[in-house]
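Have a look at the structure below before the remarks.
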Amino acid sequence: MELFLFGVLVSVVTIALAVGGLFFARKITHADTLKEHNQVADPMLQVIGTLYAVLLGLLVVQSMETFQKARLNVESEAVALADTFRLSTALPPKLRDSLQDSCLDYAKAVVEEEWDDMQREETCDRAWESIDKMWWDIISYEPTTVREQYVYPELLAAAKSLNDHRRSRLVTSRTWVSPILWVVLITGAISVITFTYSFGINSMKAQIFMTSLVALTLSLNIYLWSIYNNPFYGLLRVEPEAFKMDLEHFEFYRLNPDDMRWNKGMPDQKPGSVKKSVSSKEDLKKLEKPEKLDSDDREDREEREDQEDREVLEHKGHKGHKVGSGRDGREDPMDDGAEPREFENTGSSRALTDKDEK
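Just so you know, we're using our numbering here: the sequence shown kicks off at 1229 and counts up by one.
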């Protein structure tokens, strides 16, 4: 709230100074005299205004990118902390409990203490103690089982990532606007506002209104650049929402170590219960390996069906039911001179193309 009121105060003071300068300019030079220089002042104001707009725009974009990077860095730090907590479940109970307690205490220290300390360019000793203890537990442990040997490198990488992102966050919180940039921006704003006095307008109210709008726009852009430039200070700052999410997860897991985290909060479901999503093993296999049928697969399947049908017909023929012969195995007189029967492939169904079988 203090920073918001400060921004309003800066805008009001800037407008007041700009309007005061306009009245002073009108006392020195009459509007009719200024009208003679409008054609010359217009292109000069365009040049100065364009250069200043480009500079101010680049600075605002750069500060917003810095803000975005700081937010992503905080999220990466919270993710590394959650990975450390999760990977510790594969370790022996004593080491697991120690690491999880350190993760829980670190998240509490960051949310409750360190986030406000960063506005004063300070750090939290409690957070440093938690992360130091975490490091000591990890590097002093020697894995014994095969599973621990696979988990240990990932655990060490998560702890390293946590430490790196933490240092980056603390360094960013101590980065402030350079005084040289302040001088350049303020001088440029004064130059743009002063050039608006060189235009002669008959209506004093109209010129006051236009000058006030120019001063307001410049002051708000400079103010926006300044508050975005430090992501952990002021009204627009990065919030510890990612650490709050970790803290909620850690506390729930410590109280309910046998329950799955994703079961919490699901409709019509209590922690510890898993909603049945498949009815049989066949359904589970279908979910794991869904059947994908394209044109080639359909052709292969039809060819297999054709081959199976031919084998069935040949098998029946060996038993005395040959196509084109009588039931007793002798030639059928009705089929004398007739060509062997052929089948027409129509997908899964078959139809006789010659005489109907009697």
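Think of the CB as a built atom: it goes at the ideal place given N, C-alpha and C, for glycine as much as any other residue.
* Cutoff 7 Å; reference V1241; Cβ partners in own chain excluding five residues on either side -> For this step, residue 1241 is matched to residue 13 along the sequence shown. Same-chain partners within the cutoff: there are none.
* Residue from Q1267, H1258, P1271, A1298 whose Cα sits closest to the Cα of R1395 -> Within the sequence shown, the letter at position 167 stands for residue 1395. Relative to R1395, the option among Q1267, H1258, P1271, A1298 whose CA is nearest is A1298.
* Asked: Quick one: Cα of D1534 to Cα of L1319, how far?
  -> Within the sequence shown, numbered from 1, the residue matching residue 1534 stands at position 306. Within the sequence shown, numbered from 1, the residue matching residue 1319 stands at position 91. C-alpha separation (whole angstroms): 58 Å.
* State yes or no: is the C-beta of A1269 within less than 8 Å of the C-beta of F1437? => Here residue 1269 corresponds to residue number 41 of the sequence shown, with the count starting at 1. Here residue 1437 corresponds to residue number 209 of the sequence shown, with the count starting at 1. Against a cut-off of 8 Å, the Cβ pair of F1437 and A1269 comes out as no contact.
* To do: Return the residue from the list A1434, A1385, F1234, S1454 that minimises the CA-CA distance to V1247.
  => If you number the sequence shown from 1, residue 1247 lands on position 19. The shortest CA-to-CA distance from V1247 to any of A1434, A1385, F1234, S1454 is the one to A1434.
* How should M1362 be labelled, buried or exposed, when 16 other C-beta atoms within 10 angstroms of its C-beta is the threshold for buried? -> Here residue 1362 refers to the residue found at position 134 when the sequence shown is read from its first residue. By the neighbour-count criterion, in which a residue is buried when 16 or more other Cβ atoms sit within 10 angstroms of its Cβ, M1362 is buried.
* **Given S1406 as reference, the closest of A1417, S1454, F1427 once Cα atoms are compared** => Reading the sequence shown from its first residue, position 178 is the one you call residue 1406. The shortest C-alpha separation from S1406 is found at S1454.
* To do: Would you kindly report the start and end of the unbroken alpha helix (DSSP H) that includes E1264?
  => Working through the sequence shown from its first residue, we reach residue 1264 at position 36. E1264 -> no alpha helix (DSSP H), and no H or E assigned at all.
* Under 8 Å between C-beta atoms, does G1235 make it to chain E? -> Absent from the structure: chain E. Only one protein chain is present.
* Can you say whether D1344 is buried or exposed, counting buried as having 16 or more other CB atoms within 10 angstroms of its CB? => In the sequence shown, residue 1344 corresponds to position 116, counting from 1. The residue is exposed, with fewer than 16 neighbouring Cβ atoms inside 10 Å.
* Measuring CB to CB, does V1338 end up less than 8 Å from A1355? -> As a working note, residue 1338 is residue 110 in the sequence shown. As a working note, residue 1355 is residue 127 in the sequence shown. Yes. Within cutoff.
* To do: Use the C-beta contact count for D1474: other C-beta atoms within 10 angstroms, 16 or more gives buried, fewer gives exposed.
  => Walking along the sequence shown from the start, residue 1474 turns up at place 246. Answer is buried; the Cβ neighbour count reaches 16.
* Asked: H1592: buried (16+ other C-beta within 10 angstroms of its C-beta) or exposed?
  -> This structure gives no information on residue 1592, because the portion of the chain shown stretches from 1229 to 1586.
* To do: For my contact list, V1420 and L1446 are in at a C-beta cut-off of 8 Å; report their separation, rounded to the angstrom.
  => Locating residue 1420 in the sequence shown gives position 192, where the first residue counts as 1. Locating residue 1446 in the sequence shown gives position 218, where the first residue counts as 1. Yes, they are in contact, since the Cβ atoms of V1420 and L1446 sit about 7 Å apart, within 8 Å.
* Asked: Quick one, which of T1372, P1459, L1284, K1255 has its alpha-carbon nearest L1208's?
  -> Residue 1208 lies beyond the stretch modelled for the chain, which goes from 1229 to 1586, so this question has no answer here.
* First and last residue of the alpha helix (DSSP H) that includes H1393? -> By one-based count along the sequence shown, residue 1393 stands at place 165. Note, H1393: alpha helix (DSSP H), 1374-1401.
* Asked: On the three-pair Cβ rule with 8 Å, is the segment 1318-1334 touching the segment 1287-1302?
  -> A contact is defined here as three or more CB-CB pairs under 8 Å, and the segment 1318-1334 fails this definition with respect to the segment 1287-1302.
* Taking just the CA atoms, how far does T1400 sit from T1294? -> Numbered from its first residue, the sequence shown carries residue 1294 at position 66. Numbered from its first residue, the sequence shown carries residue 1400 at position 172. One C-alpha to the other measures close to 9 Å.
* Asked: Span of the alpha helix (DSSP H) holding C1331?
  -> Position 103 of the sequence shown, counted from the first residue, corresponds to residue 1331. Looking at the DSSP string, the run of the alpha helix (DSSP H) that includes C1331 is 1321-1337.
* Asked: What's the C-alpha gap between E1230 and K1472?
  -> Start at 1 with the first residue of the sequence shown, and residue 1230 comes out as number 2. Start at 1 with the first residue of the sequence shown, and residue 1472 comes out as number 244. For E1230 and K1472, the distance between alpha carbons rounds to 25 Å.
* Asked: By a C-beta neighbour count over all protein chains shown, 10 Å radius and 16 as the cutoff for buried, is Q1267 buried or exposed?
  -> Counting from one through the sequence shown, the residue named residue 1267 turns up at place 39. By the Cβ neighbour-count rule, Q1267 is exposed, with fewer than 16 other Cβ atoms within 10 Å of its own.
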